Amino acid sequence: MTTAYCSQYRDIEDKIWKDRACSLCALWMALKSLKSDFNLSPNELLKKGLYINAFVDPGYWRHDRLTVLSHNYGLPSYAEEFKSAPFGKETKYAEEILNHGINKIFNFLKNGEGVIIVSVPKDFIHFDKPHSILLHSVKEENNEKYLIYNDSAKENEEEGKNLKVSLQDFAKSWRRLAIFINKI
(Lines of atoms letter the chains of each structure in order from A and count residues from 1; the text may use other names and numbers.)
(Lines give C-alpha, C1' and ligand atoms only; values in the text may rest on other atoms or scores of the structure.)
Protein backbone atom coordinates (compact mmCIF):
# COMPACT_ATOMS: atom_id res chain seq x y z
CA MET A 1 0.00 0.00 0.00
CA THR A 2 1.22 3.46 -0.84
CA THR A 3 0.67 5.90 1.98
CA ALA A 4 0.07 9.62 1.75
CA TYR A 5 2.20 11.97 3.81
CA CYS A 6 1.29 15.10 5.73
CA SER A 7 3.57 17.32 7.81
CA GLN A 8 1.89 19.10 10.68
CA TYR A 9 4.53 21.86 10.40
CA ARG A 10 4.34 22.29 6.63
CA ASP A 11 0.70 21.47 5.86
CA ILE A 12 -1.20 22.94 8.82
CA GLU A 13 -1.58 26.68 8.26
CA ASP A 14 -2.70 27.93 11.67
CA LYS A 15 0.41 28.41 13.85
CA ILE A 16 -1.55 27.54 17.00
CA TRP A 17 -2.24 24.05 15.61
CA LYS A 18 1.15 23.18 14.11
CA ASP A 19 2.40 21.65 17.39
CA ARG A 20 -0.97 20.05 18.21
CA ALA A 21 -2.08 18.44 14.97
CA CYS A 22 -0.22 15.09 15.02
CA SER A 23 -3.28 12.88 15.57
CA LEU A 24 -5.29 14.81 13.02
CA CYS A 25 -2.47 14.57 10.46
CA ALA A 26 -2.17 10.83 11.12
CA LEU A 27 -5.90 10.49 10.44
CA TRP A 28 -5.57 12.57 7.26
CA MET A 29 -2.78 10.26 6.04
CA ALA A 30 -4.98 7.23 6.79
CA LEU A 31 -7.99 8.63 4.96
CA LYS A 32 -5.95 9.81 1.99
CA SER A 33 -4.17 6.44 1.76
CA LEU A 34 -7.25 4.21 2.07
CA LYS A 35 -9.98 6.24 0.33
CA SER A 36 -9.41 7.19 -3.30
CA ASP A 37 -12.26 9.72 -3.15
CA PHE A 38 -11.07 11.52 0.01
CA ASN A 39 -10.26 15.08 -1.02
CA LEU A 40 -10.16 17.29 2.08
CA SER A 41 -6.98 19.16 2.87
CA PRO A 42 -5.37 18.67 6.29
CA ASN A 43 -6.64 22.15 7.24
CA GLU A 44 -10.21 21.26 6.26
CA LEU A 45 -10.04 18.02 8.26
CA LEU A 46 -8.70 20.00 11.23
CA LYS A 47 -11.77 22.25 11.07
CA LYS A 48 -14.05 19.20 10.94
CA GLY A 49 -12.29 17.71 13.96
CA LEU A 50 -12.59 20.92 15.96
CA TYR A 51 -16.26 21.20 15.01
CA ILE A 52 -17.04 17.83 16.59
CA ASN A 53 -14.94 18.61 19.70
CA ALA A 54 -12.26 16.04 18.94
CA PHE A 55 -9.61 18.16 20.68
CA VAL A 56 -9.66 18.71 24.42
CA ASP A 57 -7.54 21.19 26.33
CA PRO A 58 -4.93 21.12 27.76
CA GLY A 59 -3.87 19.37 24.60
CA TYR A 60 -4.99 15.97 23.44
CA TRP A 61 -7.12 14.45 20.71
CA ARG A 62 -10.03 12.25 21.78
CA HIS A 63 -9.65 8.90 20.05
CA ASP A 64 -13.39 8.22 20.11
CA ARG A 65 -14.00 11.48 18.20
CA LEU A 66 -11.26 10.69 15.68
CA THR A 67 -13.06 7.43 14.93
CA VAL A 68 -16.20 9.47 14.26
CA LEU A 69 -14.26 11.49 11.69
CA SER A 70 -13.00 8.26 10.13
CA HIS A 71 -16.56 6.94 9.93
CA ASN A 72 -17.79 10.23 8.45
CA TYR A 73 -15.44 9.67 5.51
CA GLY A 74 -16.27 6.02 4.94
CA LEU A 75 -13.73 4.04 6.95
CA PRO A 76 -14.71 1.84 9.88
CA SER A 77 -12.42 2.32 12.86
CA TYR A 78 -12.28 1.87 16.59
CA ALA A 79 -10.12 3.03 19.47
CA GLU A 80 -8.62 0.49 21.83
CA GLU A 81 -6.47 0.75 24.94
CA PHE A 82 -4.11 -2.00 26.06
CA LYS A 83 -3.58 -1.04 29.67
CA SER A 84 -5.17 -1.98 32.95
CA ALA A 85 -4.12 1.15 34.84
CA PRO A 86 -2.88 4.62 33.91
CA PHE A 87 0.34 4.40 31.90
CA GLY A 88 3.28 3.83 34.21
CA LYS A 89 1.22 2.30 37.03
CA GLU A 90 1.07 -1.36 36.19
CA THR A 91 -1.08 -4.23 37.42
CA LYS A 92 -0.26 -7.92 37.36
CA TYR A 93 -1.98 -8.15 33.94
CA ALA A 94 -0.12 -5.26 32.32
CA GLU A 95 2.49 -7.36 30.51
CA GLU A 96 -0.09 -9.79 29.11
CA ILE A 97 -2.26 -6.93 27.86
CA LEU A 98 0.77 -5.16 26.35
CA ASN A 99 1.86 -8.33 24.53
CA HIS A 100 -1.67 -8.89 23.26
CA GLY A 101 -1.71 -5.33 21.89
CA ILE A 102 1.68 -5.65 20.22
CA ASN A 103 0.67 -8.92 18.57
CA LYS A 104 -2.67 -7.50 17.48
CA ILE A 105 -1.01 -4.46 15.90
CA PHE A 106 1.62 -6.52 14.11
CA ASN A 107 -0.88 -9.05 12.73
CA PHE A 108 -3.42 -6.37 11.70
CA LEU A 109 -0.73 -4.67 9.62
CA LYS A 110 0.84 -7.89 8.35
CA ASN A 111 -2.57 -9.09 7.12
CA GLY A 112 -3.15 -5.79 5.31
CA GLU A 113 -6.36 -5.04 7.20
CA GLY A 114 -5.73 -1.29 7.35
CA VAL A 115 -3.61 1.24 9.24
CA ILE A 116 -3.26 2.20 12.90
CA ILE A 117 -2.79 5.51 14.68
CA VAL A 118 -0.78 4.99 17.86
CA SER A 119 0.34 7.20 20.70
CA VAL A 120 4.08 7.21 21.42
CA PRO A 121 6.59 9.63 22.93
CA LYS A 122 7.78 12.15 20.35
CA ASP A 123 10.71 10.60 18.45
CA PHE A 124 10.28 7.59 20.79
CA ILE A 125 12.42 9.35 23.42
CA HIS A 126 10.55 12.39 24.75
CA PHE A 127 8.27 10.70 27.27
CA ASP A 128 6.91 14.07 28.39
CA LYS A 129 5.63 14.81 24.87
CA PRO A 130 2.87 12.42 23.72
CA HIS A 131 2.68 12.15 19.95
CA SER A 132 0.69 10.20 17.36
CA ILE A 133 2.10 8.41 14.34
CA LEU A 134 0.53 6.32 11.58
CA LEU A 135 1.61 2.67 11.41
CA HIS A 136 0.98 1.30 7.92
CA SER A 137 2.99 -1.87 7.37
CA VAL A 138 5.51 -4.32 8.81
CA LYS A 139 8.86 -5.67 7.80
CA GLU A 140 10.67 -8.78 8.93
CA GLU A 141 14.42 -8.98 8.38
CA ASN A 142 17.31 -10.74 10.12
CA ASN A 143 14.90 -12.41 12.57
CA GLU A 144 13.70 -8.97 13.70
CA LYS A 145 10.20 -7.53 13.31
CA TYR A 146 9.64 -3.87 12.46
CA LEU A 147 6.68 -1.52 12.24
CA ILE A 148 6.75 0.93 9.34
CA TYR A 149 5.25 4.34 10.02
CA ASN A 150 4.77 7.93 8.93
CA ASP A 151 5.53 10.74 11.39
CA SER A 152 3.83 14.09 10.75
CA ALA A 153 6.28 15.90 13.08
CA LYS A 154 8.84 15.96 10.28
CA GLU A 155 9.09 18.75 7.71
CA ASN A 156 8.92 16.58 4.59
CA GLU A 157 8.39 13.08 3.20
CA GLU A 158 12.10 12.28 3.08
CA GLU A 159 12.33 12.72 6.86
CA GLY A 160 8.91 11.47 7.92
CA LYS A 161 7.64 8.75 5.59
CA ASN A 162 8.26 4.99 5.77
CA LEU A 163 10.31 5.11 8.96
CA LYS A 164 10.83 1.91 10.92
CA VAL A 165 10.95 0.96 14.57
CA SER A 166 11.67 -2.49 15.92
CA LEU A 167 8.79 -4.21 17.65
CA GLN A 168 10.98 -4.43 20.74
CA ASP A 169 11.67 -0.67 20.83
CA PHE A 170 8.04 0.10 20.08
CA ALA A 171 6.89 -2.04 23.02
CA LYS A 172 9.17 -0.10 25.39
CA SER A 173 7.70 3.29 24.53
CA TRP A 174 4.18 2.76 23.15
CA ARG A 175 1.57 4.51 25.31
CA ARG A 176 -0.81 1.57 24.74
CA LEU A 177 -3.41 3.57 22.85
CA ALA A 178 -4.40 2.76 19.28
CA ILE A 179 -6.98 3.58 16.64
CA PHE A 180 -7.47 0.71 14.18
CA ILE A 181 -8.68 1.96 10.81
CA ASN A 182 -9.96 -0.76 8.50
CA LYS A 183 -9.72 -0.55 4.75
CA ILE A 184 -12.84 -1.53 2.88
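Under my numbering, the residue at position 1 of the sequence shown is numbered 1086, and the numbers go up by one with no gaps. All C-beta atoms, glycine included, are put in the ideal place defined by N, C-alpha and C. Keep in mind that this is a model prediction, so the values were computed, not measured.
Close-in-space but distant-in-sequence residues of the same chain around residue i (CB under 8 Å, 5 per side omitted)
| i | result |
| --- | --- |
| Y1163 | T1152, I1264, F1265 |
| E1225 | Y1231 |
| V1141 | R1147 |
| L1160 | A1115, L1116, L1119, K1120, G1199, I1266, N1267, K1268, I1269 |
| T1176 | S1169, A1170 |
Coil, strand or helix - residue i by DSSP
| i | result |
| --- | --- |
| W1096 | The amino acid occupying residue 1096 in the given sequence is Asp; Trp does not appear at that position. Residue state, collapsed to three classes: helix. |
| G1245 | helix |
| W1146 | strand |
| L1220 | strand |
| A1115 | helix |
| L1125 | coil |
| N1138 | coil |
| A1164 | strand |
| F1212 | strand |
| G1186 | helix |
| I1301 | Absent from the model: residue 1301. The displayed extent of the chain is 1086 to 1269, so no value can be given. |
| N1196 | coil |
| A1256 | helix |
Same chain, Cβ closer than 7 Å to residue i, five either side skipped, listed in chain order
| i | result |
| --- | --- |
| S1258 | V1205, P1206, F1209 |
| R1261 | E1166, F1167, K1168, F1172, L1183, G1186 |
| S1126 | none |
| E1292 | No answer is possible for residue 1292: it lies beyond the span of the chain, which begins at 1086 and ends at 1269. |
Which listed residue (the options) has its alpha carbon closest to that of residue i
| i | options | result |
| --- | --- | --- |
| K1100 | N1128, Y1090, T1088 | N1128 |
| Y1202 | D1142, E1240, S1155, Y1136 | Strictly speaking, residue 1202 in this sequence is Ile, with Tyr absent from that position. Nearest option by C-alpha distance: S1155. |
| I1233 | W1113, I1190, I1269 | I1190 |
| A1256 | E1181, E1243, K1177 | E1181 |
| K1103 | N1188, A1238, N1124 | A1238 |
| C1107 | T1087, F1123, K1214 | K1214 |
| E1229 | D1122, I1137, I1097, D1254 | D1254 |
| M1086 | G1197, I1137, N1192, K1177 | G1197 |
| I1137 | F1123, N1124, L1109, D1122 | L1109 |
Nearest-angstrom Cβ-Cβ length linking residue i and residue j, presumed shorter than 8 Å
| i | j | result |
| --- | --- | --- |
| A1111 | S1222 | With a Cβ gap of about 15 Å, A1111 and S1222 do not count as contacting. |
| A1139 | K1117 | So it is not a contact: roughly 18 Å between Cβ atoms. |
| K1120 | Y1158 | 6 Å |
Beta-carbon proximity check, residue i vs residue j, cutoff 8 Å
| i | j | result |
| --- | --- | --- |
| L1194 | L1220 | yes |
| N1267 | S1092 | no |
| G1144 | R1095 | no |
| K1249 | N1235 | no |
| W1113 | L1130 | yes |
Same chain, Cβ closer than 6 Å to residue i, neighbours up to 5 away in sequence not counted
| i | result |
| --- | --- |
| D1149 | A1164 |
| Y1178 | S1169 |
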